[in-house]
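Colleague:
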Amino acid sequence: MNVSLDHYLMLSAFLFAIGLCGALSRKNAIIVLMGIEIMFNAGILNFVAFWHYKYFAVLTAQMFAIFAISIAAAESAIGLALVIAVYRHYQSIDVDEMRSLKG
Amino acid sequence: MDQVYKVAPQLLKFLSYLLGWLPWIGKPVAGFLSNPPAWFLLAVAIAIPILFVVSVFPGIFAYTTLVERKALGRIQNRIGPNRVGRWGLLQPIADGVKLLTKEDIVPRSADKFVHFLAPVIAVIPSVLLFSVVPVGAGLVPVDLNIGILFAFAISTASVLALFMGGWASRNKFSLLGAMRAVAQVVSYEVPMVLAAVAVVMAAGSLSTLAIAKAQGGGILNVTHWFVFRPWGFVGFILFTIGAMAESARTPFDIPEAESEIIAGYHTEYSGFKFALFQLGEYLASIAMAGITVTMFLGGYNGPGSGPGILGGLISMFWFFAKLGGMIVLTIWIRGTWPRVRVDQLMSFAWKVLLPMSIVNIVAVGMWHYIAIRPIAWVVTTLWLVLWFITLSKLAASENIEKREYRYAS
Amino acid sequence: MGFIGKGLFEGMVVTARNFVGSYFDKERLVTVQYPEERVQVPENSRTFPFLVFDKDSDPVASMRCVACKICEVECPPQCIYIVMDRDEKGKPQQRPKVFDIDISVCMQCQICVEVCPFDAIKMDNNYEKSQYGRFDELVEHLPELLKSNEFYNKIKPTEATAVDAKLKADAEKKAKKAAPAAKPAATAAKPAAPAAPKPAPVAAPTAKIAIPDDAPFTPEQRQWLSGYLSTVAASGVAPAAAAPVAGTPAAPATEAPAGNWPWHDPGLGMQRRLDLAKETPIADKLMAAMAQTDCHACGYDCRGYADAIATGAETDLSLCLPGEAETANMLKKLMQEAGKL
Amino acid sequence: MEIAFWILSAITVIGAILAITMRNLVHCVLSLILFFLGIAGHYLLLRADFLFAVQVLIYIGAVAVLILFAIMLTRHVTGTEGPREVLGGKWWAGMGTAVIIAGLLWAIIRKDPLAAMLPAGMASTSVTEIGRALVADWLVPFEAMGVLLTAALIGAVVIALEEVIRKR
Chain A
45 MNVSLDHYLM
55 LSAFLFAIGL
65 CGALSRKNAI
75 IVLMGIEIMF
85 NAGILNFVAF
95 WHYKYFAVLT
105 AQMFAIFAIS
115 IAAAESAIGL
125 ALVIAVYRHY
135 QSIDVDEMRS
145 LKG
Chain B
494 MDQVYKVAPQ
504 LLKFLSYLLG
514 WLPWIGKPVA
524 GFLSNPPAWF
534 LLAVAIAIPI
544 LFVVSVFPGI
554 FAYTTLVERK
564 ALGRIQNRIG
574 PNRVGRWGLL
584 QPIADGVKLL
594 TKEDIVPRSA
604 DKFVHFLAPV
614 IAVIPSVLLF
624 SVVPVGAGLV
634 PVDLNIGILF
644 AFAISTASVL
654 ALFMGGWASR
664 NKFSLLGAMR
674 AVAQVVSYEV
684 PMVLAAVAVV
694 MAAGSLSTLA
704 IAKAQGGGIL
714 NVTHWFVFRP
724 WGFVGFILFT
734 IGAMAESART
744 PFDIPEAESE
754 IIAGYHTEYS
764 GFKFALFQLG
774 EYLASIAMAG
784 ITVTMFLGGY
794 NGPGSGPGIL
804 GGLISMFWFF
814 AKLGGMIVLT
824 IWIRGTWPRV
834 RVDQLMSFAW
844 KVLLPMSIVN
854 IVAVGMWHYI
864 AIRPIAWVVT
874 TLWLVLWFIT
884 LSKLAASENI
894 EKREYRYAS
Chain C
9 MGFIGKGLFE
19 GMVVTARNFV
29 GSYFDKERLV
39 TVQYPEERVQ
49 VPENSRTFPF
59 LVFDKDSDPV
69 ASMRCVACKI
79 CEVECPPQCI
89 YIVMDRDEKG
99 KPQQRPKVFD
109 IDISVCMQCQ
119 ICVEVCPFDA
129 IKMDNNYEKS
139 QYGRFDELVE
149 HLPELLKSNE
159 FYNKIKPTEA
169 TAVDAKLKAD
179 AEKKAKKAAP
189 AAKPAATAAK
199 PAAPAAPKPA
209 PVAAPTAKIA
219 IPDDAPFTPE
229 QRQWLSGYLS
239 TVAASGVAPA
249 AAAPVAGTPA
259 APATEAPAGN
269 WPWHDPGLGM
279 QRRLDLAKET
289 PIADKLMAAM
299 AQTDCHACGY
309 DCRGYADAIA
319 TGAETDLSLC
329 LPGEAETANM
339 LKKLMQEAGK
349 L
Chain D
25 MEIAFWILSA
35 ITVIGAILAI
45 TMRNLVHCVL
55 SLILFFLGIA
65 GHYLLLRADF
75 LFAVQVLIYI
85 GAVAVLILFA
95 IMLTRHVTGT
105 EGPREVLGGK
115 WWAGMGTAVI
125 IAGLLWAIIR
135 KDPLAAMLPA
145 GMASTSVTEI
155 GRALVADWLV
165 PFEAMGVLLT
175 AALIGAVVIA
185 LEEVIRKR
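Here the protein sequences line up with chains A, B, C and D, keeping their order.
Our numbering puts the first residue of the first sequence at 45, with every later residue one more than the last.
Our numbering puts the first residue of the second sequence at 494, with every later residue one more than the last.
Our numbering puts the first residue of the third sequence at 9, with every later residue one more than the last.
Our numbering puts the first residue of the fourth sequence at 25, with every later residue one more than the last.
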């Protein structure tokens with residue numbers, strides 16, 4: 045049995061579900077961010093798998109992956125800055141406690 | 494690896510010739526070796542570079558510690574180790590035996606698993622770094638086309654070991670050391686990579702072998718080294734500073750500043766785990782020296798280096814001679830300069846090194862587009878010198894008052 | 009000419025000069041390779057005390073210590089422990105059976121040396137005293153403590169020469185004093201002679217104080233000075249005051265001849281001694297209250313101190329160090345009883 | 025190839041699961057690093073060398089370290105809360121959504137004609153090609169990415185510094 049595109053798609057779907065589960069059900073804001081990172085990575089893995097199996101000649105998918113990784117880095121920087129700001133305000137990073145929009 | 498793959502059949506034939514004289518097993522083994530299957534050739538071609546890396550460089554590490562102790566001693570007008578063997582030549586072995594037989598202490602409240610894992614992880618990236626260091630003409634364990642990038646990617650992973658060790662020890666000094674280590678490595682990574690970008694632009698490749706090859710030729714294989722270019726010289730200094738900070742060598746050994754935080758992240762480590770931390774740190778520093786040599790000091794290029802067996806041996810000699818020179822330079826610097834302060838460390842990285850490396854990239858661009866060499870020399874040199882003066886003036890802009898001594902004169 | 013970072017390079021030049029220089033200039037390397045090479049310790053350096061004996065052939069018999077326990081009493085951290093020796097009949101001998109010094113407690117103050125009237129305890133300069141244990145290993149016993157006078161002369165020549173000269177002079181003086189009195193003592197009471205004069209310690213025959221060769225004196229001055237110093241060392245006072253003409257018989261001893269005092273035995277208890285001296289004059293009672301070690305800590309022997317108190321020549325009743333407070337109180341009591349206080 | 029795929033997949037999945045289930049926050053991040061490493065290995069397997077280096081450099085060298093730093097800066101959260109406090113209030117809703125989405129994706133993939141496709145080529149892309157593509161066809165997105173990163177950097181600094189500025 046060769047490894048086909050199927051396997052990669054399954055893997056990334058599974059990872060996406062895990063990431064989603066973590067992002068939705070955990071209380072800690074940092075773990076929520078980590079779940080989002082897992083989802084990002086699952087998506088990028090899909091891009092690369094499609095590139096490898098179907099569009100090997102063009103670099104579009106790799107470019108997308110590179111941009112997605114950069115965006116993920118920027119997103120995590122902003123996200124963590126927000127977490128620190130929230131922590132300063134609430135002395136907690138529990139997402140359930142961040143209920144008010146007041147400053 | 495490719496080179497080894499090419500010469501492997503001859504090597505095996507020679508071995509089979511030697512082994513043929515043995516009774517009993519000699520004949521069948523020799524027959525197997527003289528006509529090896531493809532998988533065996535591949536295995537040999539993979540095994541030889543690995544064996545080379547894991548035997549030669551730890552040996553260099555062991556004797557680097559001895560040379561360091563001797564040289565630091567002489568710099569401070571002491572004698573240095575001279576008890577174990579002639580001139581203390583067996584000292585590294587004695588140290589190893591001592592560390593192996595020491596009690597392995599794990600703090601009670603430590604995170605046992607992470608505490609155990611950290612020293613192991615400290616060694617892995619350091620050894621992996623050697624896989625892209627060309628030690629001779631065409632002799633590189635793996636010729637990756639992303640060589641330099643791979644080296645930087647791997648070297649950032651070493652931060653994790655420091656962090657894990659510091660965090661898992663449950664000791665405030667360990668944690669402080671770990672945080673300092675992370676902050677320092679992340680900060681110095683940036684100017685270091687940008688200094689390497691200048692070289693990549695000039696050589697037109699990320700492969701370490703291609704970079705080394707680009708510095709061959711000229712008079713005696715010397716004049717085309719990148720360090721003999723204005724931008725290369727500046728890049729060399731920037732990269733050396735960055736590499737020293739990255740591997741926490743002395744002027745930048747903030748993460749383990751003894752006078753402030755005991756031993757930093759490895760305060761709670763003893764015995765063999767401590768030895769692994771030291772091994773990882775020194776191997777990383779030697780590998781960084783190797784990459785510096787490859788990128789700026791012409792790599793394996795030197796008088797007499799070239800293809801063929803003899804040229805290859807000479808090129809290996811030049812590489813290791815330059816590596817030794819870099820190691821001695823770091824030891825010399827360690828014996829001379831005082832440790833920088835944490836805030837100075839950060840402002841130096843962000844306010845001096847980072848702008849300077851960006852200026853250096855522009856200098857490479859000028860060098861590339863100005864066709865007449867003398868003009869290029871003058872223009873890039875002027876550009877770099879002017880920026881250096883400006884930046885250092887800016888960095889030193891806070892006026893430090895001359896201290897008045899009340900009691901001392 | 010100055011440029012940025014100049015100091016860094018100057019520093020590197022300095023260290024490079026050190027590095028190269030240390031291979032050519034032996035003066036730079038100050039390290040002493042310890043077990044093979046040693047630094048000569050200064051003559052007056054001191055570490056822990058030791059006990060001096062005189063004859064190599066019989067260290068125990070010839071040791072100077074008389075177990076008077078003055079040092080034990082005076083020792084500030086109380087690191088000395090002494091038990092007096094006895095023969096089979098239980099008769100006290102004038103030497104220690106046990107002499108322990110706990111060197112983990114000793115603070116090397118040299119007070120024991122200063123209070124010793126017999127020059128029996130001196131300071132060593134051996135600094136290699138480390139041991140594998142923390143308890144018994146750090147207590148020195150009599151056999152380790154005993155060291156010969158030659159050893160003392162070797163480690164501290166100046167001081168030892170002066171001590172030898174003084175001991176020799178003392179012995180001579182005593183011999184002269186004892187000479188007229190010895191005959192009656194010898195004829196009168198042979199069995200009890202513990203207070204017979206101690207045999208003179210073997211001293212260097214020519215106890216001359218060495219004047220350093222580079223001292224700025226003319227030969228005549230040097231000769232005079234050497235004679236003066238040796239006299240001072242021998243007598244302990246200015247030569248004019250203590251220059252007995254050789255051959256002149258010494259004044260008859262004021263003390264009664266040593267002998268038939270049944271209480272003169274340090275092994276007896278205070279009560280027993282006083283019982284023995286019950287029917288005797290006040291001077292003998294006083295003497296019985298002493299510690300009977302003839303240690304000379306008071307400046308007399310026991311007989312002499314008692315006589316001096318009895319005659320009023322000595323008013324200080326607390327001079328008997330070995331007897332401690334017990335003797336002092338008893339002396340006071342006896343004097344009050346006698347109505348002399 | 026196959027063995028490598030299965031080993032890397034196991035590493036990736038175990039890393040991901042541990043990262044969102046472990047109690048201790050630092051352990052979570054370390055598991056996340058394992059997950060990132062597994063993904064990087066997959067990139068090598070898929071002949072995307074450059075992406076491998078980028079993955080290690082950015083995710084392990086930067087993002088993971090950043091998260092660790094954030095954990096260090098927010099004290100008392102390294103996690104020995106009680107068993108129930110780890111999960112949010114509506115955790116069953118999150119779990120349900122994840123399971124539903126996983127099932128949907130699974131169904132779609134099974135139906136897809138592309139699914140059984142085998143590799144198109146085996147040669148690694150050279151970095152030179154990627155570099156040329158970045159500054160030729162993809163120049164505008166590349167520049168936009170630079171602007172975005174700068175903006176994100178400045179934004180992060182401003183957000184994190186807010187309190188300090190207010191105090192002054």
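Glycine included, each C-beta is placed from N, C-alpha and C at the ideal position.
1) Using DSSP with H/G/I as helix, E/B as strand and the rest coil, what is PRO84 of chain C?
2) As an exercise, report each continuous beta strand (DSSP E) stretch of at least 3 residues that is fully enclosed by the segment 121-169 of chain C, in chain order.
3) Are PHE623 of chain B and VAL720 of chain B close, meaning C-beta to C-beta below 8 Å?
4) Are the Cβ atoms of LEU70 of chain D and HIS51 of chain A separated by less than 8 Å?
5) At the level of alpha carbons, what is the spacing between THR760 of chain B and SER808 of chain B?
6) Starting from ILE779 of chain B, follow the alpha helix (DSSP H) in both directions and report where the run begins and ends.
7) With three or more beta-carbon pairs closer than 8 Å as the criterion, would you say the segment 757-775 of chain B touches the segment 583-596 of chain B?
8) May I ask you to list the residues that DSSP assigns as paired with ASN72 of chain A?
9) Beta carbons nearer than 7 Å to chain C: which residues of the segment 810-839 of chain B have them?
10) Let me know the secondary structure DSSP gives GLY629 of chain B once reduced to three states.
11) Measure from the alpha carbon of CYS124 of chain C to the alpha carbon of each residue in C:ILE163, C:PHE107 and C:ILE78, then state which is nearest.
12) How do the segment 682-691 of chain B and the segment 716-734 of chain B stand: do at least 3 beta-carbon pairs fall below 8 Å, yes or no?
13) Specify the secondary structure class of LYS4 of chain C as computed by DSSP and reduced to three states.
14) Look up VAL845 of chain B in the DSSP assignment and say whether it is helix, strand or coil.
15) Looking only at its own chain, which residues have a Cβ that is under 8 Å from the Cβ of GLY725 of chain B, when we skip the five neighbours before and after it?
16) Does any residue of chain C bring its CB to less than 8 Å from the CB of ARG567 of chain B?
17) For GLU749 of chain B and ALA615 of chain B, what's the separation of their Cα atoms in angstroms?
18) Per DSSP, which one or two residues make a beta bridge with PHE61 of chain C?
19) Would you verify that the beta carbon of SER55 of chain D is, or is not, closer than 8 Å to some beta carbon of chain B?
20) Counting C-beta neighbours from all protein chains within 10 Å, is the total for GLU80 of chain C 16 or more, i.e. buried, or is it exposed?
21) Give me the Cα-Cα distance between THR169 of chain C and GLU158 of chain C, rounded to the nearest whole angstrom.
22) Using 10 angstroms around the beta-carbon of ARG103 of chain C, count the other beta-carbons present and answer buried if the total reaches 16, otherwise exposed.
23) Which residues, in chain order, does the segment 658-684 of chain B contribute to contact with chain C at a C-beta distance below 7 Å?
24) Between the segment 793-813 of chain B and the segment 619-634 of chain B, do at least 3 Cβ pairs fall closer than 8 Å?
25) For a contact meaning CB atoms closer than 8 Å, what does ARG36 of chain C contact in chain B?
26) Among B:SER700, B:PRO796 and B:TRP580, which residue has its Cα nearest to the Cα of ILE712 of chain B?
27) ALA531 of chain B versus chain C: which residues are under 8 Å apart at the beta carbon?
28) With 9 Å as the C-beta to C-beta threshold (strictly closer), list the residues of the segment 694-713 of chain B near chain C in chain order.
29) With a threshold of 8 Å between beta-carbons, can ILE754 of chain B be considered close to chain D, or not?
30) Please classify PRO100 of chain C: does DSSP put it in a helix, a strand, or coil?
31) For ILE129 of chain C, collect the residues of the same chain with a Cβ closer than 8 Å to its Cβ; drop the 5 residues on either side in sequence, then sort them by chain order.
32) Let's test the definition: count the other Cβ atoms within 10 Å of the Cβ of ARG866 of chain B and tell me whether it reaches 16, buried, or not, exposed.
33) Can ILE824 of chain B be considered in contact with the ligand FAD, in the sense that its beta carbon sits closer than 7 Å to one or more heavy atoms?
34) Apart from the five residues on each side of it in sequence, which residues of its chain come closer than 6 Å, Cβ to Cβ, to GLY29 of chain C?
35) With SER602 of chain B and ARG663 of chain B assumed to form a contact (beta carbons below 8 Å), what rounded beta-carbon distance in angstroms separates them?
36) Across which residues does DSSP place VAL91 of chain C in a beta bridge pair?
Modeller: Here's the rundown:
1) coil
2) 129-131 and 154-156
3) no
4) no
5) 41 Å
6) 764-788
7) yes
8) A:ASP138
9) TRP825, GLY828, THR829 and TRP830
10) strand
11) C:ILE78
12) yes
13) The first residue shown for chain C is 9 and the last is 349, placing residue 4 of chain C beyond what the model contains.
14) helix
15) ALA691, VAL692, ALA695, TRP718, PHE719 and PHE789
16) yes
17) 15 Å
18) C:MET71 and C:SER156
19) no
20) buried
21) 10 Å
22) buried
23) none
24) yes
25) ASN570
26) B:PRO796
27) Ordered by position in chain C, no residue passes the 8 Å Cβ test against ALA531 of chain B, which lies about 54 Å from the chain.
28) none
29) no
30) strand
31) PRO57, PHE58, LEU59, VAL60, CYS73, CYS79, CYS120 and VAL121
32) exposed
33) Because no ligand of any kind appears in the structure shown, any question about the ligand FAD cannot be addressed here.
34) ARG36
35) 5 Å
36) C:VAL106
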